[in-house]
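Residue numbers (the numbering used here), protein chains in the order written: chain U, 6 to 435; chain R, 599 to 690.
Using N, Cα and C, we set each Cβ at its ideal position, and we do this for glycine too.
Right, one structure below, let's go through it.
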Amino acid sequence: MEQQNELSFDTLVIGGGIAGSEAAINLANLDYKVILVEKDLSLGGKMIHLSKVFPTLDCSACITTPKVSETIRHPNITIYTYSEVKNIVKVSDKKFTATLVKKPRYVNEDLCTGCQECEDKCPVVVKDQYQYDLVGRKAVYVPFSIANPRVVNIDIENCILCGICEKVCPVDAIDFTQEAVEIPLTVKSVIIATGFELFDPTQILRYGFGKFKNVVTAMQMERQLVPTRPYNSVLRPKDGKMPDNIAYILCTGSRDETVGNPICSQICCMYSVKQAQLLLGALPMADVSIYCMDIRAFGKGFCEFYQQSIGMGVEFHKGKVAKVTEKENGNLILRYENIENGKITEVEHDLVVLSIGVLPNPEAKLLFNSPVIESDEFNYIKQTDELVCPPQTNIEGVYVAGTSSGPMDIPDSILSAGAASACSANYIRN
Amino acid sequence: MKDEKVKTIDVIKKKRSVSAETKQQHKEYNRIKKLILKSLEPEAKTIPQIAEETELPADVVTFYLMTLRKYGSIETGEIDDMDEYFFYKLKK
Ligand SMILES: Cc1cc2nc3c(=O)[nH]c(=O)nc-3n(C[C@H](O)[C@H](O)[C@H](O)COP(=O)(O)OP(=O)(O)OC[C@H]3O[C@@H](n4cnc5c(N)ncnc54)[C@H](O)[C@@H]3O)c2cc1C
Ligand code: SF4
Ligand code: SF4
Chain U
6 MEQQNELSFD TLVIGGGIAG SEAAINLANL DYKVILVEKD LSLGGKMIHL
56 SKVFPTLDCS ACITTPKVSE TIRHPNITIY TYSEVKNIVK VSDKKFTATL
106 VKKPRYVNED LCTGCQECED KCPVVVKDQY QYDLVGRKAV YVPFSIANPR
156 VVNIDIENCI LCGICEKVCP VDAIDFTQEA VEIPLTVKSV IIATGFELFD
206 PTQILRYGFG KFKNVVTAMQ MERQLVPTRP YNSVLRPKDG KMPDNIAYIL
256 CTGSRDETVG NPICSQICCM YSVKQAQLLL GALPMADVSI YCMDIRAFGK
306 GFCEFYQQSI GMGVEFHKGK VAKVTEKENG NLILRYENIE NGKITEVEHD
356 LVVLSIGVLP NPEAKLLFNS PVIESDEFNY IKQTDELVCP PQTNIEGVYV
406 AGTSSGPMDI PDSILSAGAA SACSANYIRN
Chain R
599 MKDEKVKTID VIKKKRSVSA ETKQQHKEYN RIKKLILKSL EPEAKTIPQI
649 AEETELPADV VTFYLMTLRK YGSIETGEID DMDEYFFYKL KK
C-alpha cells in the first residue's frame with residue numbers, strides 16, 4: 006500500500022450523507038477546514054436515491070444534488086470518496102490522529118469525463134447495487150446518473166480483465182496500476198455521520214423475500230418511483246406486469262424482538278404513506294393497502310399527510326401479517342389477524358412491499374482505537390448528554406450527527422447535523 | 599505512475615486472475631442475452647412471451663431485458679390490450 010504525507014484539518018466528518026454534508030458545510034462556512042470522508046463512490050447517502058420526501062412530496066434528488074454540489078465546491082472542504090478512516094486516537098485536547106485509506110477506483114478521477122464510453126463497451130453485467138439489484142450494471146460504471154463525483158469505477162472483483170475499457174477511453178483515464186493509499190491525518194474534532202443500515206428482510210423467512218420475486222423492499226420501490234427507474238414503469242420484477250393491487254407490510258424488522266430490533270424505525274409509516282400516494286399517481290387504476298399494527302404520524306404535517314392518503318383511497322388494515330405465500334401466477338396471499346374483528350384473514354395482492362426498518366451502522370464503533378466510542382443499548386452511537394448537548398459522545402471533541410445516533414427522518418438529521426457542527430466549533434474555539 | 603507505453607491492463611493481469619465464478623457468470627449473461635435478442639428479432643414481445651419461447655424464468659428475463667434496455671439494445675413499445683404487459687422491441 007502506498008503511503009503519503011500527513012494531512013491536517015480542523016474537523017474530520019465521517020460519512021457524506023445528508024447529515025455529514027450539512028455538518029461539513031456549516032463548519033466550512035465558519036471558516037473551519039473540514040475533511041469529509043465517504044466510503045461510497047458518491048456523496049448523498051440514502052437520500053440521493055429516494056423519490057420524493059414526506060410530507061411535502063418535494064423531489065428528493067432536487068434537494069440533495071445542490072447540497073452535494075455545494076459541499077464539493079466549498080473551498081474549505083476537502084472530500085475523499087471511496088475512502089475510509091481507521092485507528093482514530095485522541096492524543097490530547099483538540100488533537101486526534103487517524104489513518105485515511107483511499108481505495109483504488111482504477112480510473113484517474115481528474116481525467117475521467119464520465120462519458121461512459123467504457124461502460125457502453127464493457128462486456129460484463131452484474132447486479133446494480135444502486136438500483137437495489139432490480140437491474141444490471143457493467144463492471145466499469147458510473148454509480149448512478151446524479152452521482153457526484155460523476156466518474157466511473159471498476160468493480161475489480163467482477164472484471165474479466167479484457168482491457169476493452171482502457172482501449173476505448175478517449176482520455177486515457179483507466180489506470181489498472183492504482184493501489185490503495187494510506188494517508189496519516191491530524192484533526193481537532195470529529196463528527197460521526199455514518200448513517201444507518203437497512204434491515205435485511207431475508208431474515209424473516211415467512212415473508213418470502215428473495216424467493217418470491219414479487220415481494221420487494223421499500224427501497225426497491227423508491228427506485229421504481231424515480232424518473233431514473235430501473236424499468237420503464239412501476240412493474241413486477243417477476244414478470245414485468247404492471248401491478249394493480251399492492252400491499253405494504255409495515256414494521257418489517259422493526260418493533261420486533263424476534264429479529265433483535267425492538268424499537269420503532271420512525272420513518273417507515275410515513276415513507277409507506279408517501280409511496281402509496283405516489284403509486285396512486287403513477288398507476289391510477291391501482292389499489293394500495295397498508296397492513297400495520299398502527300400508524301405513527303408524530304411529526305409536523307404527518308397526521309394531515311396520513312389523512313390525505315385515506316382521502317385518496319389508500320386502505321389501512323390493522324393486523325400484523327403472519328405469512329406470505331405465492332400463487333402460480335406470481336400473486337401473493339397475505340395471511341393476517343384482523344385486529345378489528347379478531348379473525349384470521351387471507352387476502353390476495355399482485356405485489357408486496359416490505360417496509361423495512363432502520364438498523365445501526367456497526368462500522369461506526371470500529372473507527373476508534375483509543376478511547377473507544379460507546380454505543381447505547383440498541384447499538385447506536387451513545388449520546389452522553391442528550392438533554393443539554395445532544396450530539397455529545399463519550400469522547401470530548403467527538404460528536405454525532407443524523408441517523409448514527411438513532412432512527413430519524415431527513416429534517417431531524419439536518420437539525421442534528423446543525424447541532425453537531427455548532428458543538429464542534431465551540432470545542433475547537435474554547 | 600501510469601506508463602504511456604504499457605497498457606495498464608497487462609500490469610494487473612500479472613497480479614490478478616479472473617475467478618471461475620466470474621467467468622461462469624459472464625458466460626451465462628452472454629447466453630441469456632443472445633436468447634432474448636434472438637427472440638425479439640422477428641417481432642416485439644412481452645416478458646412472459648419471451649420467457650415461454652426461451653424457456654428462461656420470467657424474472658431472469660425481466661432482469662436481463664431491463665439491463666439490455668438500460669444499455670440501449672432494446673426499447674419499450676406499446677402496452678397490451680389488458681393494460682398489463684408492455685411489449686419490448688429491438689432498437690434499430
Ligand atoms: C425507503 C426509505 C424512504 C425514506 N423516505 C424518506 C422521506 O420521504 N422523508 C424523510 O425525511 N426521510 C426519509 N427516509 C429517511 C432518510 O433516508 C434518512 O433520514 C437520511 O438518509 C439520514 O441521513 P444520514 O446522513 O444520517 O444517513 P445516510 O443517508 O445513511 O448516510 C450515511 C453516509 O455515511 C456513509 N458511511 C457509512 N459508513 C461509513 C464509514 N465507515 N466511513 C465513511 N462513510 C461511511 C454512507 O456510505 C452514507 O453515504 C427514508 C428512508 C428509507 C429507507
Ligand atoms: S474512463 Fe474514459 S471512457 Fe470511461 S467514462 Fe471516464 S473518460 Fe469516459
Ligand atoms: S477490463 Fe474489466 S471493466 Fe474494463 S471493459 Fe473489460 S471487463 Fe469491463
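| task | Name the two residues that bound the continuous alpha helix (DSSP H) containing residue 373 of chain U. | result | Taking the first residue of the first sequence as position 1, residue 373 of chain U is located at position 368. Residue 373 of chain U -> not in any alpha helix (DSSP H); beta strand (DSSP E) instead, spanning 373 to 375.
| Comparing alpha-carbon positions, which option in U/327, U/367, U/404 and U/81 lies nearest residue 342 of chain U? | Here the question's residue 342 of chain U lines up with position 337 in the first sequence. Nearest C-alpha to residue 342 of chain U: U/327.
| query | Taking 7 Å as the cut-off, does the CB of residue 173 of chain U come closer than this to any heavy atom belonging to ligand 2? | reply | As a first step, residue 173 of chain U is located in the first sequence; it is residue number 168 there, counting from the start. Checking the Cβ of residue 173 of chain U against ligand 2 gives yes.
| said: Could you check whether residue 32 of chain U and residue 422 of chain U sit closer than 8 Å to each other, using their CB atoms as the reference points? | reply: Here residue 422 of chain U is taken as the residue at index 417 of the first sequence, counted from 1. Here residue 32 of chain U is taken as the residue at index 27 of the first sequence, counted from 1. Result no, Cβ atoms of residue 422 of chain U and residue 32 of chain U do not sit closer than 8 Å.
| said: Distance cutoff 8 Å, beta carbons only. Does residue 656 of chain R sit that close to anything in chain U? | reply: Here residue 656 of chain R refers to the residue found at position 58 when the second sequence is read from its first residue. Interface residue, yes.
| message | Could you tell me the alpha carbon to alpha carbon distance between residue 642 of chain R and residue 145 of chain U, rounded to whole angstroms? | response | Against the second sequence, residue 642 of chain R aligns to sequence position 44. Against the first sequence, residue 145 of chain U aligns to sequence position 140. Their backbone Cα atoms lie some 30 Å apart in a straight line.
| Best match in U/225, U/97, U/253 and U/64 for proximity to residue 136 of chain U [C-alpha to C-alpha] | Along the first sequence, read from residue 1 onward, the residue named residue 136 of chain U stands at position 131. For the residues U/225, U/97, U/253 and U/64, the minimum Cα distance to residue 136 of chain U belongs to U/225.
| field | Chain-order list of residues whose beta-carbon lies under 7 Å from that of residue 140 of chain U (same chain, five-residue window excluded) | value | Here residue 140 of chain U refers to the residue found at position 135 when the first sequence is read from its first residue. Hits under 7 Å: 133 and 235.
| query | I think residue 433 of chain U touches residue 399 of chain U, with their Cβ atoms under 8 Å apart; what is that distance to the nearest whole Å? | reply | Within the first sequence, residue 433 of chain U is the residue found at index 428, counting from 1. Within the first sequence, residue 399 of chain U is the residue found at index 394, counting from 1. Incorrect: roughly 19 Å between the Cβ atoms, too far for contact.
| task | Use the C-beta contact count for residue 601 of chain R: other C-beta atoms within 10 angstroms, 16 or more gives buried, fewer gives exposed. | result | For the purposes of this step, residue 601 of chain R is taken as residue 3 along the second sequence, with counting starting at 1. Here residue 601 of chain R scores only 48 on pLDDT, less than 50, and its place in the model should not be relied on; the value that follows carries that caveat. Exposed, by the Cβ-count rule.
| message | Against chain U, does residue 681 of chain R count as a neighbour if the rule is that its beta carbon must be under 8 Å from one of theirs? | response | Translated into positions along the second sequence, residue 681 of chain R becomes position 83. So yes, residue 681 of chain R belongs to the interface.
| Which full runs of the beta strand (DSSP E) of 3+ residues lie inside the region 228 to 265 of chain U, going along the chain? | 250 to 257
| message | Taking its Cβ as the centre, do 16 or more other Cβ atoms sit within 10 Å of residue 366 of chain U, making it buried, or is it exposed? | response | Start at 1 with the first residue of the first sequence, and residue 366 of chain U comes out as number 361. Under this definition residue 366 of chain U is a buried residue.
| task | State the beta-bridge partners of residue 132 of chain U as determined by DSSP. | result | Against the first sequence, residue 132 of chain U aligns to sequence position 127. Bridge partners of residue 132 of chain U: U/141.
| field | Option nearest residue 1 of chain U by Cα separation, candidates U/84, U/105 and U/86 | value | The question about residue 1 of chain U has no answer, for chain U in this structure spans 6 to 435.
| said: With a threshold of 8 Å on Cβ separation, who are the neighbours of residue 3 of chain U within its own chain once the five nearest residues in sequence on each side are excluded? | reply: There is no way to answer for residue 3 of chain U, as the model of chain U reaches only from 6 to 435.
| Does the distance from the CB of residue 18 of chain U to the CB of residue 41 of chain U come in under 8 Å? | Here residue 18 of chain U refers to the residue found at position 13 of the first sequence. Here residue 41 of chain U refers to the residue found at position 36 of the first sequence. It is a contact, given that the beta carbons lie within the stated cut-off.
| field | Inter-residue spacing [alpha-carbon to alpha-carbon] between residue 9 of chain U and residue 372 of chain U | value | Here residue 9 of chain U refers to the residue found at position 4 when the first sequence is read from its first residue. Here residue 372 of chain U refers to the residue found at position 367 when the first sequence is read from its first residue. About 20 Å.
| According to DSSP, what are the bridge partners of residue 354 of chain U? | Taking the first residue of the first sequence as 1, we reach residue 354 of chain U at position 349. Bridge partners of residue 354 of chain U: U/337.
| request: Look at the Cβ atom of residue 156 of chain U, then the Cβ atom of residue 121 of chain U, and state whether they are nearer than 8 Å. | output: Taking the first residue of the first sequence as 1, we reach residue 156 of chain U at position 151. Taking the first residue of the first sequence as 1, we reach residue 121 of chain U at position 116. Taking 8 Å as the Cβ cut-off, residue 156 of chain U and residue 121 of chain U do not qualify as a contacting pair.
| query | Taking the continuous beta strand (DSSP E) assigned at residue 384 of chain U, which residues delimit it? | reply | To locate residue 384 of chain U, count along the first sequence from 1; it is residue 379. Element bounds for residue 384 of chain U: n/a, residue is neither H nor E.
| query | Residue ranges of each alpha helix (DSSP H) run of no fewer than 4 residues wholly in the region 662 to 687 of chain R, ordered along the chain? | reply | none
| Same chain, Cβ closer than 8 Å to residue 194 of chain U, five either side skipped, listed in chain order | Numbered from its first residue, the first sequence carries residue 194 of chain U at position 189. Here the set comprises 15, 16, 17, 99, 101, 402, 403, 404, 429, 432 and 433.
| query | Taking 7 Å as the line, does the beta carbon of residue 227 of chain U fall inside it for any heavy atom of ligand 1? | reply | Start at 1 with the first residue of the first sequence, and residue 227 of chain U comes out as number 222. Answer for residue 227 of chain U: yes, Cβ within range of ligand 1.
| request: Check whether the Cβ atoms of residue 606 of chain R and residue 181 of chain U sit closer than 8 Å, and answer yes or no. | output: Here residue 606 of chain R refers to the residue found at position 8 when the second sequence is read from its first residue. Here residue 181 of chain U refers to the residue found at position 176 when the first sequence is read from its first residue. Yes, the pair counts as a contact, with Cβ atoms nearer than the cut-off.
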